[in-house]
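A.B. asks: The following block contains the structure, expressed as structure tokens.
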Ligand code: GRF
């Protein structure tokens with residue numbers, strides 16, 4: 013049976029007399045052919061709804077919170093922050109900003125699949141246009157990704173496809189590269205290997221240890237993530253095979 017097409021974003025109407033948010037959905041078929049825009053975006057006049065997933069300090073989340081607060085035209089609003097653990101700074105940052113939070117721990121479920129489905133259902137309650145995994149240290153499973161396919165981005169502290177996994181800065185340092193960086197990509201089910209949205213290069217400096225290198229990467233990562241989320245929210249996007257295009 014053919015896999016159904018998935019809606020992955022929306023495009024603005026070229027008709028300037030129309031509300032710019034009365035947008036048409038972009039539908040991408042599994043084989044990568046883009047169908048003509050047809051559907052009207054279901055939230056005309058409103059900013060894109062973002063759910064952010066975190067596991068730790070949440071400095072990337074903070075950058076998004078600050079960007080939304082600083083610019084009424086940012087185009088995105090964080091409607092919820094979710095975590096896979098409690099007692100983390102990322103959740104505190106969200107609470108301080110008045111954003112609803114939730115935490116779903118794998119150990120509270122019968123297994124990983126049950127956790128994945130519960131996370132899917134919880135995130136779905138907030139009807140996100142985009143899910144941002146920002147330092148979320150769990151792989152999102154097939155049920156979650158099927159529900160939000162083409163609408164989940166992640167940030168990785170290395171230049172994909174180099175150094176995937178949990179230790180990007182350490183692996184780059186151990187390899188001896190002189191340039192590393194960060195990658196924002198659409199999550200496709202593998203480890204840091206989905207379609208690339210944007211990347212930023214960061215030099216490795218003499219005397220760097222993992223912490224100093226990771227901090228330099230994170231400075232670039234926060235700016236990149238804010239830029240990407242704003243552009244996706246304001247312009248919409250398509251994913252054609254692996255090629256991500258802002259509309
Ligand atoms: C980021 O470098 C992210 O890419 C990595 O963990 C870090 C999270 O930082 N997976 P923070 O929680 O946003 O401060």
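In this note's numbering, the protein residues as written are 13 to 259. We put the CB at the ideal spot given by N, CA and C, even for glycine. Predicted model only: the values in this text are computed from it and were never measured.
Quick check on DSSP: helix, strand or coil for residue 226?
C.D. replies: If DSSP states are grouped into helix, strand and coil, residue 226 belongs with the helices.
A.B. asks: Helix or strand or just coil, what does DSSP make of residue 166?
C.D. replies: The answer is strand: DSSP assigns residue 166 an E or B state.
A.B. asks: Hey, would you say the C-beta of residue 73 is under 7 Å away from at least one heavy atom of the ligand GRF?
C.D. replies: Under cutoff, so the answer is yes.
A.B. asks: Compute the Euclidean distance between the alpha carbons of residue 189 and residue 176, then round it to the nearest angstrom.
C.D. replies: Roughly 14 Å separates the two Cα atoms.
A.B. asks: Where do the N-terminal and C-terminal ends of the beta strand (DSSP E) with residue 259 fall, by residue?
C.D. replies: Segment: none, residue 259 is in no beta strand (DSSP E) and carries neither H nor E.
A.B. asks: Hey, would you say the C-beta of residue 169 is under 7 Å away from at least one heavy atom of the ligand GRF?
C.D. replies: Yes, Cβ of residue 169 sits closer than 7 Å to a heavy atom of the ligand GRF.
A.B. asks: For residue 252, list the residues DSSP reports as bridge partners.
C.D. replies: 255.
A.B. asks: Please go through the same chain and pick out, in chain order, the residues whose beta-carbon is closer than 6 Å to the beta-carbon of residue 204, but skip the five residues on each side of it.
C.D. replies: Cβ within range, chain order: 168, 172, 176.
A.B. asks: Please give me, in chain order, every unbroken run of the alpha helix (DSSP H) with length at least 4 that falls completely inside the stretch 68-107.
C.D. replies: 71-82, all fully within the stretch 68-107.
A.B. asks: I'd like to know whether the C-beta atoms of residue 94 and residue 114 end up nearer to each other than 8 Å.
C.D. replies: Yes, Cβ-Cβ distance for residue 94 and residue 114 is below 8 Å.
A.B. asks: List the residues that DSSP assigns as beta-bridge partners of residue 61.
C.D. replies: In DSSP, residue 61 forms a bridge with 89.
A.B. asks: Which one of 229, 211, 90, 212 has the shortest CA to CA distance from residue 179?
C.D. replies: For the residues 229, 211, 90, 212, the minimum Cα distance to residue 179 belongs to 229.
A.B. asks: Around the Cβ of residue 104, are there at least 16 other Cβ atoms within 10 angstroms (buried) or fewer (exposed)?
C.D. replies: Flag for residue 104 reads exposed.
A.B. asks: Using a Cβ-Cβ cut-off of 6 Å (strictly less than) and excluding sequence neighbours within five positions of residue 243, which residues of its own chain qualify?
C.D. replies: Excluding residues within five positions, the ones whose Cβ falls inside 6 Å are 258.
A.B. asks: Would the stretch 57-69 count as touching the stretch 146-156 if we require 3 or more Cβ pairs under 8 Å?
C.D. replies: Yes, the stretch 57-69 touches the stretch 146-156.
A.B. asks: Pull up the distance between the alpha-carbon of residue 226 and that of residue 97, whole angstroms please.
C.D. replies: Approximately 22 Å between the Cα atoms of the pair.
A.B. asks: Could you pull out every unbroken beta strand (DSSP E) segment of at least 3 residues lying fully inside the stretch 139-192, listed in chain order?
C.D. replies: The stretch 139-192 contains these whole beta strand (DSSP E) runs: 142-145, 164-168.
A.B. asks: In three-state DSSP terms, what is residue 196?
C.D. replies: Here residue 196 sits in strand by DSSP.
A.B. asks: Look at the alpha carbon of residue 274 and the alpha carbon of residue 165, and state the distance between them as a whole number of angstroms.
C.D. replies: No statement about residue 274 is possible, as the shown extent of the chain runs from 13 to 259 and does not include it.
A.B. asks: Tell me, to the nearest whole angstrom, how far the beta carbon of residue 208 is from that of residue 195; I am working on the premise that it is less than 8 Å.
C.D. replies: Sure, about 6 Å apart at Cβ, within 8 Å.
A.B. asks: Check whether the Cβ atoms of residue 249 and residue 256 sit closer than 8 Å, and answer yes or no.
C.D. replies: Result yes, Cβ atoms of residue 249 and residue 256 sit closer than 8 Å.
A.B. asks: Consult DSSP for residue 241 and reduce its assignment to one of helix, strand or coil.
C.D. replies: It is helical.
A.B. asks: Can you grab the Cα-Cα spacing for the pair residue 202 / residue 133, in whole Å?
C.D. replies: Taking the straight line from one Cα to the other gives about 21 Å.
A.B. asks: Exposed or buried, what is residue 186 when buried is set at 16 or more other beta-carbons lying within 10 Å of its beta-carbon?
C.D. replies: Exposed: under 16 other Cβ atoms inside 10 Å.
A.B. asks: Got a sec? Which residues, its chain only, sit under 6 Å from residue 92 by beta carbon, not counting five neighbours each side?
C.D. replies: Result list for residue 92: 63, 112, 138, in chain order.
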